[in-house]
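Heads up, the sequence shown is in my numbering, so the first residue is 710 and it goes up one at a time.
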Amino acid sequence: MAAFAVSPAGRALAESHEPTDELRRVAALLKETEEAAALLASGASVPLSAMEGIDPFMALLGKGRIYTESELEQLSVWLASVSQMKKYMDNKRHIAPTIAAYADSMHECRDLREELVRCIRFGRLTDQASPYLADIRRHIYAAEQRIEKKMEQTLTKYRSALQEQLVTKRRGRLVIQVKRELRKQVPGTVWDESASGQTLFVEPADVAELQLELQQLLADEERERTVILSGLSELAEGYAHELSQNVEAMASFDFIMARGKLGCEYGGISPRLSENPVIRIVNGRHPLLGEKAVPLNAELGYGYKQLIITGPNTGGKTVALKTIGLLALMVQSGLLVPAEAGTEFGLFRHIMADLGDGQSLEQSLSTFSSHLTAVKAMLDAAGPRSLFLLDELAAGTDPSEGIALSVAVLETLLESGTLTAASTHFNEIKAYAARTPGCMNARMTFDPETLRPLYAMETGEAGESHAFAIARRIGLPLAVMNRAERWYESARRRNAAESGSGPVNDAESIEPTPVPMSEVEAPAADMSSAESGGEGACERNGSAAKRRHSDKGSGKSDAKAVKRPGEPFEKGDAVWIYPLRRSGIVFRPADERGDVIVQVEGRKLTFNRKRLKPYIKREKLYPGSDYDMDIVFDTKENRKLRKMMSRKYMEGASIVTPPEQ
């Protein structure tokens, strides 16, 4: 905002401006800003003044200073801009009635301005400033003409003794250049000599008296100049009160127009104000992200007072929190907000945020202790007129203790009526939001096909972190990802077994949401057959268990039965991928570690078979058992090249297959 001000006084107002929680004050500020934006939108050029030199002028006003011609001329120019602003605002009352009325307090100081214009022009006193000054300048002009004529005669008279036929000035006197050895031929006063000492600068005696007369006239001119400037400075001091009011009014106009320019910069609107502590953002954007930002829609204080935002890393949770807090502060500062009609804000006494890790060696703060310091300040200020923003709840410490502490803080804030928006990755906090009245889950959306965040927030449902998918998109090594997924699967099974809480198989604990396959449009019959295939797999596993029990009773080895993975995936089968919540095509069946390579959107990704579920068998997708699967998995260029290479030798031709394939 301060960058849009054109004067130092307007910039100072912008830099010292602070939000307020007074409803009338906020409404008045928004009205001013809205009218300023309307003036700018009408295409009008507002005649704001940069007020150059006015601040130091006003600082010395009333202290007996005699101002210079340039200072008084700056005052004259500024008074002209004041008069122009009054006329401009008077013509714009139909567009901006409120701020146009402020111009009524400005004073044109017509007498002062007319006197300054009469006496000063181009930084110099005019001959019209006083009759005596005009008379002195006429005598000065005549004396200079006589001296110039006399010097020309002197150059001719003493030509033989001169170093050069030039007239110069030394110490304010006109002199000629005389050779040192011929000095006696030119009577007069020596005022200077050259660096070599061979040339003397002599004022001829013939012009000495004329130059003395000129110096006297110049001294008289300086005395009259001082008298005139003193009178003009005294006249300006007589308008000290009016000038001070003009400075305040012009600075206020600059400040108001800076707010209007800022609002026009990002297409802001004036939101509806509420007496209740509520927030409704309709297609709001962070002002620094511009038009390309994904709009945010959020509510707080209507049906719930807490909003728990979940979703993937780099998905926009922190930006959503910052947008909510920043827009609230902008409203209470009288600024237009980048949102659409229907946006509504109440006013808050406290708007506090805990964003970032806050580490500080100087203050002995770790990530967790810095969070606790911020949370303590929030608890002290909690109340119905408070808005708190908490990023990454339960971060920086033991998850179980951090979750317990976070839930306790959220419950306390909810009891106090505080509006709270928080982000988290922990399922326990998501569950708290789902079961607690007055608390609502929200998620940042994520595209499972492209593995990229969509940055849009959806209220009413918790989101997932998608850590593995994001790690793959960023490019972590395949071996690291495979190891992480195996460790995660092992830990999940171990925790479930220890707690005795039921299913340890993803197929039992996660119900997939059907997503249309991009590789093939599966008819309804195929969907039902895929589901029945899944049930058949469960039955075969049960039969295998019975056989193992029978074999054990008969003394036969059951090692092969234990390692049996169930129905194996074949190349070309469509499978459901639990981490991505979508389907893919098997490129390479499971290896000895159970890793299956699946093609998803032209990319070949590795998943453990436990993360996959049979979806549609190959026989139902492709015609005949001899169907060329290279059509599905290889590029057209590679297939064409491979066919040509099978017929004849082609020098330099090669097909490179990545190691993981």
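Virtual Cβ for every residue (Gly too), placed ideally from N, Cα, C. Everything numeric in this text was worked out from a predicted model, so none of it was measured.
Notebook entry, point to check: How about L944 and E824: do their beta carbons lie closer than 9 Å?
Noted result: For the purposes of this step, residue 944 is identified with residue 235 of the sequence shown, where counting begins at 1. For the purposes of this step, residue 824 is identified with residue 115 of the sequence shown, where counting begins at 1. Cβ atoms of L944 and E824: closer than 9 Å.
Next item on the list: Entirely within the region 1103 to 1158 and at least 3 residues each: give me those beta strand (DSSP E) ranges in chain order.
Entry: 1128 to 1132 and 1148 to 1156
Next item on the list: Taking all protein chains shown into account, decide if K1001 is buried (16 or more other Cβ within 10 angstroms of its Cβ) or exposed.
Entry: Stepping through the sequence shown from its first residue, residue 1001 is reached at position 292. Answer is exposed; the Cβ neighbour count stays below 16.
Margin query: Tell me which residues share the same chain as A949 and place their Cβ nearer than 6 Å to its Cβ, disregarding the 5 neighbours each side in the sequence.
Written below: The residue given as residue 949 occupies position 240 in the sequence shown. The answer, listed in chain order, is L770 and G771.
Next item on the list: Flag this pair as yes or no: are the beta carbons of M1153 and P1162 separated by less than 9 Å?
Entry: Locating residue 1153 in the sequence shown gives position 444, counting from the first residue. Locating residue 1162 in the sequence shown gives position 453, counting from the first residue. Closer than 9 Å, so yes.
Notebook entry, point to check: Between which two residues does the beta strand (DSSP E) harbouring A1007 extend?
Noted result: In the sequence shown, counting from the first residue as 1, residue 1007 sits at position 298. Note, A1007: beta strand (DSSP E), L1005 to L1009.
Notebook entry, point to check: Since H1059 is in the beta strand (DSSP E), which residue starts that stretch and which ends it?
Noted result: Start at 1 with the first residue of the sequence shown, and residue 1059 comes out as number 350. Its beta strand (DSSP E) spans residues H1059 to D1063.
Checklist line | Residue interval of the alpha helix (DSSP H) (run including V786) | finding: Here residue 786 is taken as the residue at index 77 of the sequence shown, counted from 1. Here the alpha helix (DSSP H) through V786 covers E778 to N800.
Check: Is there contact here, the region 1018 to 1025 with the region 711 to 724, by at least three beta-carbon pairs under 8 Å?
Finding: no
Notebook entry, point to check: Out of curiosity, what's the CA-to-CA distance linking T935 and A928?
Noted result: Numbered from its first residue, the sequence shown carries residue 935 at position 226. Numbered from its first residue, the sequence shown carries residue 928 at position 219. C-alpha separation (whole angstroms): 11 Å.
Margin query: Distance check for E1328 and S1334, CA to CA, integer angstroms please.
Written below: The residue given as residue 1334 occupies position 625 in the sequence shown. The residue given as residue 1328 occupies position 619 in the sequence shown. Distance between the alpha carbons of S1334 and E1328: 7 Å.
Notebook entry, point to check: Do the CB positions of Y1287 and R1320 come within less than 9 Å of each other?
Noted result: The count along the sequence shown starts at 1 and reaches residue 1287 at position 578. The count along the sequence shown starts at 1 and reaches residue 1320 at position 611. Yes, they are a contact pair.
Item checked: Helix, strand or coil at A1234 according to DSSP, with G and I counted as helix -> The sequence position of residue 1234 within the sequence shown is 525, counting from 1. Legend: pLDDT at A1234 = 33, less than 50; position of this residue unreliable, no value from coordinates given.
Note to self: Would you call the region 1094 to 1104 in contact with the region 1129 to 1146, where contact means no fewer than 3 C-beta pairs closer than 8 Å?
What the structure shows: yes
Notebook entry, point to check: Does DSSP put A851 in a helix, a strand or coil?
Noted result: The residue you call residue 851 lines up with position 142 of the sequence shown. Helix.
Item checked: Cβ separation of V1003 and A1165, assumed to be a contact under 8 Å, to the nearest whole Å -> Numbered from 1 along the sequence shown, position 294 holds the residue referred to as residue 1003. Numbered from 1 along the sequence shown, position 456 holds the residue referred to as residue 1165. That pair is a contact at about 5 Å.
Checklist line | Given V876 as reference, the closest of S1109, I885, L1350 and A870 once Cα atoms are compared | finding: In the sequence shown, counting from the first residue as 1, residue 876 sits at position 167. Selected option, being the one with the closest Cα: I885.
Check: What's the call for H1080, buried or exposed, on a 16-neighbour Cβ count within 10 Å?
Finding: Position 371 of the sequence shown, counted from the first residue, corresponds to residue 1080. Result: buried.
Check: If G972 and L1036 are in contact, beta carbons under 8 Å, what's the gap, nearest whole angstrom?
Finding: On the sequence shown, position 263 is the one that residue 972 refers to. On the sequence shown, position 327 is the one that residue 1036 refers to. Contact doesn't hold; Cβ gap of about 13 Å is too wide.
Checklist line | Alpha carbon of A759 to alpha carbon of F962, nearest angstrom | finding: Counting from 1 along the sequence shown, the entry for residue 759 is found at position 50. Counting from 1 along the sequence shown, the entry for residue 962 is found at position 253. Cα to Cα, the separation comes out at about 11 Å.
Next item on the list: Count the other C-beta atoms from every protein chain shown that fall within 10 angstroms of the C-beta of M798, then say buried if there are 16 or more, exposed otherwise.
Entry: In the sequence shown, residue 798 corresponds to position 89, counting from 1. Buried, by the Cβ-count rule.
Check: Using 8 Å as the threshold, is the region 950 to 958 in touch with the region 825 to 845, meaning 3 or more CB pairs across them?
Finding: no
Item checked: In DSSP terms, what E873 is bridged to -> Start at 1 with the first residue of the sequence shown, and residue 873 comes out as number 164. DSSP lists Q886 as partners of E873.
Item checked: Test item: CB-CB of I978 and L1005 under 9 Å -> Along the sequence shown, read from residue 1 onward, the residue named residue 978 stands at position 269. Along the sequence shown, read from residue 1 onward, the residue named residue 1005 stands at position 296. No, Cβ-Cβ distance for I978 and L1005 is not below 9 Å.
Margin query: Between the region 829 to 841 and the region 801 to 817, can you find at least three pairs of beta-carbon atoms closer than 8 Å?
Written below: no
Next item on the list: Indicate the three-state DSSP secondary structure (helix, strand or coil) for V735 in the structure shown.
Entry: The residue given as residue 735 occupies position 26 in the sequence shown. It is helical.
Item checked: Given 8 Å, three or more beta-carbon pairs between the region 782 to 793 and the region 743 to 759 -> yes
Margin query: I want to know whether the region 903 to 920 touches the region 855 to 864 - three or more CB-CB distances under 8 Å.
Written below: yes
Margin query: Between G969 and L748, how many whole angstroms is the CB-CB distance? I'm expecting something under 8 Å.
Written below: In the sequence shown, residue 969 corresponds to position 260, counting from 1. In the sequence shown, residue 748 corresponds to position 39, counting from 1. Right, the Cβ-Cβ distance comes to about 7 Å (below 8 Å), so this counts as a contact.
Item checked: Counted within 10 angstroms of its Cβ, other Cβ atoms place Q907 as buried (16 or more) or exposed -> To locate residue 907, count along the sequence shown from 1; it is residue 198. Label assigned to Q907: exposed.
Notebook entry, point to check: Which of the three DSSP states, helix, strand or coil, is assigned to D840?
Noted result: Taking the first residue of the sequence shown as 1, we reach residue 840 at position 131. The identity of residue 840 in the sequence shown is Pro, whereas the question assumes Asp. Looking at P840 - three-state DSSP - the assignment turns out to be helix.
Next item on the list: Give me the Cα-Cα distance between V895 and V887, rounded to the nearest whole angstrom.
Entry: The count along the sequence shown starts at 1 and reaches residue 895 at position 186. The count along the sequence shown starts at 1 and reaches residue 887 at position 178. Each residue's Cα considered, the two are about 8 Å apart.
Next item on the list: Please report how far the alpha carbon of F1316 lies from the alpha carbon of T1052, in whole angstroms.
Entry: Here the question's residue 1316 lines up with position 607 in the sequence shown. Here the question's residue 1052 lines up with position 343 in the sequence shown. Each residue's Cα considered, the two are about 45 Å apart.
Notebook entry, point to check: Do you know whose CA, among E974, E1049, L738 and A1083, lies nearest A712's CA?
Noted result: Position 3 of the sequence shown, counted from the first residue, corresponds to residue 712. When only C-alpha atoms are compared, the closest one is E974.
Margin query: Going by beta-carbon coordinates alone, are G1010 and N992 separated by less than 9 Å?
Written below: Position 301 of the sequence shown, counting from 1, holds the residue named residue 1010. Position 283 of the sequence shown, counting from 1, holds the residue named residue 992. For G1010 and N992, no; Cβs fall outside 9 Å.
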